[in-house]
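The next block holds one structure in the form of structure tokens; read it before the comments.
Protein chains: 2
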Amino acid sequence: MNSRERFLAACWSKPLDRPPVWMMRQAGRYLPEYRSIRAKRSFLEMCKTPELAAEVTMQPIRRFGMDAAIIFSDILIVPEAMGISISYEEGGPRLDPVISTRADLERLRVPADGDLQFTCEALRLVRNQLGGTTALLGFAGAPFTLASYMLESGSPRELIATKSLQYSNPDLLKGLLDRLADSVAWFLEKQVAAGADAVQIFDTWAGNLSPSDYREFALPSAARVIARVRKTGVPVILYINGVAGVLEAASTSGATVMGIDWRMDLTAADGVVGDRAGLQGNLDPAMLFAPVSRIRNEVRRVHSALSRRSGHIFNLGHGILPSTPLEGAAAFIDAVRELD
Amino acid sequence: MNSRERFLAACWSKPLDRPPVWMMRQAGRYLPEYRSIRAKRSFLEMCKTPELAAEVTMQPIRRFGMDAAIIFSDILIVPEAMGISISYEEGGPRLDPVISTRADLERLRVPADGDLQFTCEALRLVRNQLGGTTALLGFAGAPFTLASYMLESGSPRELIATKSLQYSNPDLLKGLLDRLADSVAWFLEKQVAAGADAVQIFDTWAGNLSPSDYREFALPSAARVIARVRKTGVPVILYINGVAGVLEAASTSGATVMGIDWRMDLTAADGVVGDRAGLQGNLDPAMLFAPVSRIRNEVRRVHSALSRRSGHIFNLGHGILPSTPLEGAAAFIDAVRELD
């Protein structure tokens with residue numbers, strides 16, 4: 008079984024030899040070879056230059072040999088393609104203008120042919136370099152998470168603006184989520200056409216919602232994207248940070264695999280999700296700062312506690328932290344590779 | 008039934024007319040009368056001056072008539088009494104020195120008679136002003152949360168230092184948690200002696216742990232504090248932010264009431280906690296930015312969804328946000344008061 012076969016078997020909960028493994032944000036700042044490119048280029052420039060995006064996508068695969076590569080990109084390129092200006096400042100991204108009326112919403116365009124070509128081209132380059140033996144993942148932000156960046160004009164915190172709109176003008180928020188769903192679904196279809204074997208949807212901020220608000224706002228828009236992308240035939244992974252309280256609802260989204268963060272036992276997640284989806288996760292990213300023997304024990308503990316022997320993709324419960332030691336990352340990947 | 012009787016009945020899951028209500032951080036920056044005192048005094052000065060602490064404790068009671076007052080204080084006064092220096096800078100508190108060896112740990116003193124008198128004196132002043140009809144809460148940080156502030160030298164984020172110690176030298180962390188447990192338990196006993204009807208323990212950061220790390224580190228030290236305080240006869244509320252993934256474990260802590268944040272359905276929490284404890288919560292603090300009618304509907308929805316008719320204290324799922332409109336806070340308190 009090669010890595011690509013193993014990864015896809017896990018996505019579809021089919022039998023496999025051992026769980027496949029990759030790490031969220033594996034093309035990132037913990038890698039010296041990434042930092043040396045990043046020192047000379049801006050983050051958005053790297054996203055928009057296919058050769059650079061392909062190069063940093065390949066870096067962790069060359070070093071560690073994960074079962075899946077994930078294309079280097081950013082969730083905010085979709086709002087940008089819709090007409091929102093994105094700039095990076097101290098303390099994170101800044102998005103303008105804020106959507107506050109129906110007219111603002113109507114001005115947002117749904118991307119179409121010719122948009123976001125750089126990511127599709129990067130996927131084609133990586134597909135060529137990977138050959139057929141390693142899986143390749145595309146990704147996008149979920150509508151609710153993108154809406155929250157747009158409504159908060161940058162990195163969300165307490166989501167006061169988003170929730171205020173949700174309570175005062177739910178129809179406007181739903182209109183924004185609809186338009187984002189169309190844009191995200193279109194983009195993910197393009198990524199599949201360009202060679203992605205599977206896609207991950209990041210609804211990172213949806214775990215900040217009460218479950219009833221999650222069911223009313225975030226879930227329907229994510230489900231709409233998933234339904235369209237599933238028609239292409241590829242599996243869809245849905246990741247929510249702080250998923251525990253909304254997992255039951257989220258697992259009805261149609262996602263093939265549910266990403267589980269580290270603040271919930273994977274066995275408890277298994278009980279909630281049942282046979283509705285596979286599971287991805289869920290080592291605490293801070294665990295990679297532990298001694299190698301501790302990391303190896305934890306990988307074995309998680310694996311043996313989980314009663315399902317198929318439908319599990321090993322991953323961290325959140326993106327790898329920028330200050331993670333390389334030995335910790337290596338120990339994690341190696342420990343999963345030695346499982347049976 | 009007066010407010011104090013109602014609050015204590017809810018803590019012990021005894022029959023009552025309607026759920027009692029208060030708000031975490033109700034003595035705080037959303038109140039103009041608080042801001043006018045805070046403009047002239049530092050935060051720690053307010054904590055350490057009994058007349059000022061008593062005054063801001065009373066402010067929300069006078070304005071809104073909650074069923075319980077919570078003494079104005081800060082969780083970091085316990086580490087300070089143990090010999091850690093606390094200073095407030097841009098971006099939050101700074102704590103020195105960091106504990107990194109057994110010798111550092113041995114140098115930490117457990118507070119004793121004469122320490123932290125200002126909070127006990129403030130409790131006596133508030134007790135006098137409240138009379139016997141409104142409940143009075145004392146509080147402290149839980150050992151794990153205090154340890155994380157000490158090990159991160161300030162407000163925790165990813166808890167990298169705390170978790171690194173947890174993985175590399177668990178015995179040193181456990182020694183620190185033991186010493187903190189003795190200090191916190193002593194302080195809460197003193198608060199009860201000074202007139203607190205109940206106490207809340209804030210293990211705010213424990214929800215950042217994986218459930219297995221929670222069970223090994225945060226839970227035993229919180230349970231040790233709770234066991235000592237329960238001997239005084241008062242109920243103990245345990246609050247953890249992001250509790251969903253660790254709620255089952257946390258509900259075995261011996262706490263009389265479990266605080267539930269807003270990212271979990273209260274009915275789901277009821278199913279997990281069962282008759283082990285009462286429940287406190289759990290309106291999304293951002294809901295107070297909603298129109299008044301929406302707030303009232305949400306209060307009624309939460310109340311009617313919950314099948315238990317005793318053992319529920321209405322509260323927000325986290326501290327009230329500083330920019331909360333006064334009308335939102337008033338609508339919440341009024342809506343609970345009108346329940347039956």
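Sequences listed follow chains A and B, in order.
Quick note, my numbering runs 7 ahead of the 1-based positions in the first sequence.
Quick note, my numbering runs 7 ahead of the 1-based positions in the second sequence.
C-beta atoms are modelled at their ideal positions from N, C-alpha and C, and glycine is treated no differently.
Please read all numbers here as calculations on a predicted model, not as lab measurements.
### Query
When you check each C-beta in the segment 153-167 of chain B against every C-beta of chain A, which residues fall closer than 8 Å?
Those residues of the segment 153-167 of chain B placed with their C-beta closer than 8 Å to a C-beta in chain A are Glu165, Leu166 and Ile167, ordered along the chain.
### Query
Looking only at C-alpha atoms, which of A:Trp193, A:Arg235 and A:Gln173 sits nearest to A:Asp220?
Looking up residue 220 of chain A in the first sequence gives position 213. Distance check between A:Asp220 and each of A:Trp193, A:Arg235 and A:Gln173 places A:Gln173 closest, using alpha-carbon atoms only.
### Query
In this structure, what does DSSP give as the bridge partners for B:Met3?
Only positions 8 to 347 of chain B appear in this structure, which leaves residue 3 of chain B out of reach.
### Message
Measuring straight from C-alpha to C-alpha, what distance separates B:Ala203 and B:Arg11?
### Response
What you label residue 203 of chain B is simply residue 196 of the second sequence in a count that begins at 1. What you label residue 11 of chain B is simply residue 4 of the second sequence in a count that begins at 1. Using only the alpha carbons, I get a separation of about 11 Å.
### Query
Taking DSSP as the reference, what is the three-state secondary structure of A:Ile77?
Within the first sequence, the letter at position 70 stands for residue 77 of chain A. Under the three-state reduction of DSSP output, A:Ile77 falls in the strand class.
### Message
For a cutoff of 8 Å on Cβ pairs, would you count B:Pro298 as touching chain A?
### Response
On the second sequence, residue 298 of chain B is found 291 positions in, with the first residue counted as 1. Closer than 8 Å to some Cβ of chain A, the Cβ of B:Pro298 qualifies, so yes.
### Query
How long is the line joining the alpha carbons of B:Ser258 and B:Ala251, rounded to whole angstroms?
On the second sequence, residue 258 of chain B is found 251 positions in, with the first residue counted as 1. On the second sequence, residue 251 of chain B is found 244 positions in, with the first residue counted as 1. For B:Ser258 and B:Ala251, the distance between alpha carbons rounds to 11 Å.
### Interface flag, A:Ala338 vs chain B, CB-CB below 8 Å
Residue numbering aside, residue 338 of chain A sits at position 331 when the first sequence is read from its first letter. So, not an interface residue.
#### Entry: Same chain, Cβ closer than 8 Å to B:Arg36, neighbours up to 5 away in sequence not counted
Walking along the second sequence from the start, residue 36 of chain B turns up at place 29. In the same chain as B:Arg36, and ignoring 5 residues on each side of it, the C-beta atoms closer than 8 Å to its own belong to Arg42, Arg45 and Pro329, in chain order.
### Same chain, Cβ closer than 6 Å to B:Val232, neighbours up to 5 away in sequence not counted
The residue given as residue 232 of chain B occupies position 225 in the second sequence. These residues qualify, in order along the chain: Ala188, Val191 and Ala192.
### Task
Using a Cβ-Cβ cut-off of less than 7 Å, give me the residues of the segment 170-196 of chain B that come near chain A, in sequence order.
Taking 7 Å as the cut-off between beta carbons, the residues of the segment 170-196 of chain B near chain A are Lys170, Ser171, Tyr174 and Ser175, in sequence order.
### Query
Using a C-beta to C-beta distance shorter than 9 Å, which residues of chain A count as neighbours of B:Met271?
Here residue 271 of chain B refers to the residue found at position 264 when the second sequence is read from its first residue. The contacting residues are Ser217, Pro218, Ala251, Gly252 and Val253.
### Query
Is the distance from the Cβ of A:Thr331 to the Cβ of A:Phe296 below 8 Å?
The residue given as residue 331 of chain A occupies position 324 in the first sequence. The residue given as residue 296 of chain A occupies position 289 in the first sequence. Yes, these two residues count as a Cβ contact at 8 Å.
### Query
Where does A:Gln207 fall in DSSP's three states?
Within the first sequence, residue 207 of chain A is the residue found at index 200, counting from 1. The three-state reading of DSSP puts A:Gln207 in strand, counting E and B together.
### Message
Could you check whether the segment 119-131 of chain B touches the segment 49-61 of chain B, counting it as contact only if at least three pairs of C-beta atoms, one from each stretch, sit closer than 8 Å?
### Response
Between the segment 119-131 of chain B and the segment 49-61 of chain B, the count of C-beta pairs closer than 8 Å reaches three or more; the two stretches touch.
### Message
Quick check: is the beta carbon of A:Arg283 nearer than 8 Å to any beta carbon in chain B?
### Response
What you label residue 283 of chain A is simply residue 276 of the first sequence in a count that begins at 1. Chain B, which has no Cβ nearer than 8 Å to the Cβ of A:Arg283, makes this no.
### Beta-bridge pairing of B:Arg101 - partner residues as DSSP gives them
Taking the first residue of the second sequence as 1, we reach residue 101 of chain B at position 94. Beta-bridge pairing links B:Arg101 to B:Ser94 and B:Gly161.
### Query
So B:Gly148 is in the beta strand (DSSP E); what residue range does that whole segment cover?
Position 141 of the second sequence, counted from the first residue, corresponds to residue 148 of chain B. Where B:Gly148 is concerned, the enclosing beta strand (DSSP E) starts and stops at Ala142 to Gly148.
### Task
Could you tell me the distance, in whole angstroms, from the CA atom of B:Ala110 to the CA atom of B:Phe151?
For the purposes of this step, residue 110 of chain B is identified with residue 103 of the second sequence, where counting begins at 1. For the purposes of this step, residue 151 of chain B is identified with residue 144 of the second sequence, where counting begins at 1. About 20 Å.
### Message
Buried or exposed, going by whether 16 or more other CB atoms sit within 10 Å of the CB of A:Ser300?
### Response
Here residue 300 of chain A is taken as the residue at index 293 of the first sequence, counted from 1. So A:Ser300 counts as exposed.
### Query
To the nearest angstrom, how far is it from the Cα of B:Ser107 to the Cα of B:Met157?
If you number the second sequence from 1, residue 107 of chain B lands on position 100. If you number the second sequence from 1, residue 157 of chain B lands on position 150. B:Ser107 and B:Met157 have their C-alpha atoms some 10 Å from each other.
### Query
For A:Gly214, which residues in chain B fall below 7 Å Cβ to Cβ?
Here the question's residue 214 of chain A lines up with position 207 in the first sequence. Contacts between A:Gly214 and chain B, judged by CB atoms closer than 7 Å, involve Arg270 in chain order.
#### Entry: Continuous beta strand (DSSP E) stretch holding B:Leu333: start and end
As a first step, residue 333 of chain B is located in the second sequence; it is residue number 326 there, counting from the start. No beta strand (DSSP E) holds B:Leu333; the alpha helix (DSSP H) holding it covers Leu333 to Arg344.
### Task
Compare the beta carbon distance of B:Asp272 and B:Gly324 with 8 Å and say whether it is the shorter of the two.
In the second sequence, the residue the question calls residue 272 of chain B occupies position 265. In the second sequence, the residue the question calls residue 324 of chain B occupies position 317. For the pair B:Asp272 and B:Gly324, the CB atoms are not nearer than the 8 Å cut-off.
### Contacts of A:Ala203 in chain B (Cβ-Cβ under 8 Å)
Translated into the one-based positions of the first sequence, residue 203 of chain A becomes position 196. Within chain B, not a single residue places a beta-carbon under 8 Å from that of A:Ala203; the smallest gap is close to 30 Å.
### Message
With DSSP as the reference, identify every bridge partner of A:His319, one or two as the case may be.
### Response
Counting from one through the first sequence, the residue named residue 319 of chain A turns up at place 312. Under DSSP, the beta-bridge partners assigned to A:His319 are A:Leu286.
#### Entry: Element boundaries [alpha helix (DSSP H), containing B:His325]
Looking up residue 325 of chain B in the second sequence gives position 318. Unbroken run through B:His325: none, as it is neither H nor E.
### Query
A:Ile320 to A:Ala201, Cα distance in whole Å?
In the first sequence, the residue the question calls residue 320 of chain A occupies position 313. In the first sequence, the residue the question calls residue 201 of chain A occupies position 194. Cα-Cα distance, rounded: 23 Å.
### Message
So B:Tyr95 and B:Phe146 are supposed to be a Cβ contact under 8 Å. How far apart are they, rounded?
### Response
For the purposes of this step, residue 95 of chain B is identified with residue 88 of the second sequence, where counting begins at 1. For the purposes of this step, residue 146 of chain B is identified with residue 139 of the second sequence, where counting begins at 1. With a Cβ gap of about 19 Å, B:Tyr95 and B:Phe146 do not count as contacting.
### Query
Can you find a C-beta in chain A that's less than 8 Å from the C-beta of B:Met294?
Within the second sequence, the letter at position 287 stands for residue 294 of chain B. It does; some Cβ of chain A falls within 8 Å.
### Where B:Leu226 meets chain A, residues with beta-carbon distance less than 8 Å
Counted from its first residue, the second sequence places residue 226 of chain B at position 219. By Cβ distance, chain A contributes nothing, its closest Cβ being about 14 Å from B:Leu226, past 8 Å.
#### Entry: Cross-chain neighbours of B:Ser330 in chain A, by beta carbon under 8 Å
Within the second sequence, numbered from 1, the residue matching residue 330 of chain B stands at position 323. Ordered by position in chain A, the residues that pass the 8 Å Cβ test against B:Ser330 are Ile167.
#### Entry: Top-ranked residue by Cα proximity to A:Ser311, from A:Arg25, A:Ala16 and A:Met8
Here residue 311 of chain A is taken as the residue at index 304 of the first sequence, counted from 1. Ranked by Cα distance from A:Ser311, the first of A:Arg25, A:Ala16 and A:Met8 is A:Arg25.
### Query
Leaving out the 5 sequence neighbours to the left and right, which residues in its chain are closer than 8 Å to B:Gly249 when beta-carbon positions are compared?
Indexing the second sequence from 1 puts residue 249 of chain B at position 242. Cβ neighbours of B:Gly249 beyond the five flanking positions: Gly214, Asn215, Asp268 and Arg270.
### Task
May I ask you to list the residues that DSSP assigns as paired with B:Asp28?
Here residue 28 of chain B corresponds to residue number 21 of the second sequence, with the count starting at 1. Here residue 28 of chain B turns out to be Val, not Asp, going by the sequence shown. B:Phe321, per the DSSP bridge assignment.
#### Entry: 8 Å CB neighbourhood of A:Val117 in its chain, flanking five on each side removed
Residue mapping note: residue 117 of chain A aligns to position 110 of the first sequence, counting from 1. Cβ within range, chain order: Met89, Arg186, Asp189, Ser190 and Trp193.
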